[in-house]
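Q: Below is a structure I'd like to ask you about.
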């Protein structure tokens, strides 16, 4: 049975195992592109300003939203497979948060599809992030740069 394309989980993931599962027994695959996002210990370049991050999501809606974007990546790019894992719950600096992996025949399609999916995740997937700082907790909004990254794909950010 194939692995699900989208997984939201509290526990960590093994990038190597996930990529192996994504490309298993598919001799068409000539390229795999992956991205792993981690929790930084800083915001605005100030080291130690983030002690933890808590991520929440809307169960069912989040998975459906990411599945739709994977479908869109398949329409836009000549890719074979894609997998997104996103963690929720309380995370510490250095913890992995998100993984996007894409397979294709050639690297260009994999790179583009991986970047496309990550740009979408940063702005449109229904996740809420709260950072713990020395000044207390604060909810994190999408940055203007993230919206601009999504716009290059012809998608307008839905904020709010």
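In this note's numbering, the protein residues as written are 87 to 246. Ideal Cβ placement from N, Cα and C applies to all residues, glycine included.
In angstroms with no decimal places, state the Cα-to-Cα distance between residue 152 and residue 220.
A: Near 33 Å, if we compare the C-alpha coordinates of residue 220 and residue 152.
Q: Rounded to whole angstroms, what's the CA-CA distance from residue 103 to residue 218? Just pull it up for me.
A: One C-alpha to the other measures close to 31 Å.
Q: Please report the distance separating the alpha-carbon of residue 57 from that of residue 126.
A: Only positions 87 to 246 of the chain appear in the structure, and residue 57 is not among them; the question remains open.
Q: Is residue 207 near the ligand NAD - that is, is its Cβ less than 7 Å away from at least one heavy atom of it?
A: In the structure shown, the ligand NAD is absent, as is every other ligand, since no ligand is present at all.
Q: Looking at C-alpha atoms only, which residue of 92, 165, 239 and 224 is the closest neighbour of residue 209?
A: It is 239.
Q: By a C-beta neighbour count over all protein chains shown, 10 Å radius and 16 as the cutoff for buried, is residue 234 buried or exposed?
A: Counting Cβ neighbours within 10 Å, residue 234 comes out exposed, since fewer than 16 surround it.
Q: Give the straight-line distance between the Cα atoms of residue 93 and residue 236, rounded to the nearest whole angstrom.
A: The straight-line gap from Cα to Cα measures roughly 22 Å.
Q: Which runs of the alpha helix (DSSP H) at least 4 residues long sit entirely within the region 109–197? Give them in chain order.
A: Correct list: 147–162.
Q: Would you mind stating whether residue 141 and residue 173 have Cβ atoms separated by less than 8 Å?
A: Going by C-beta atoms, residue 141 is nearer than 8 Å to residue 173.
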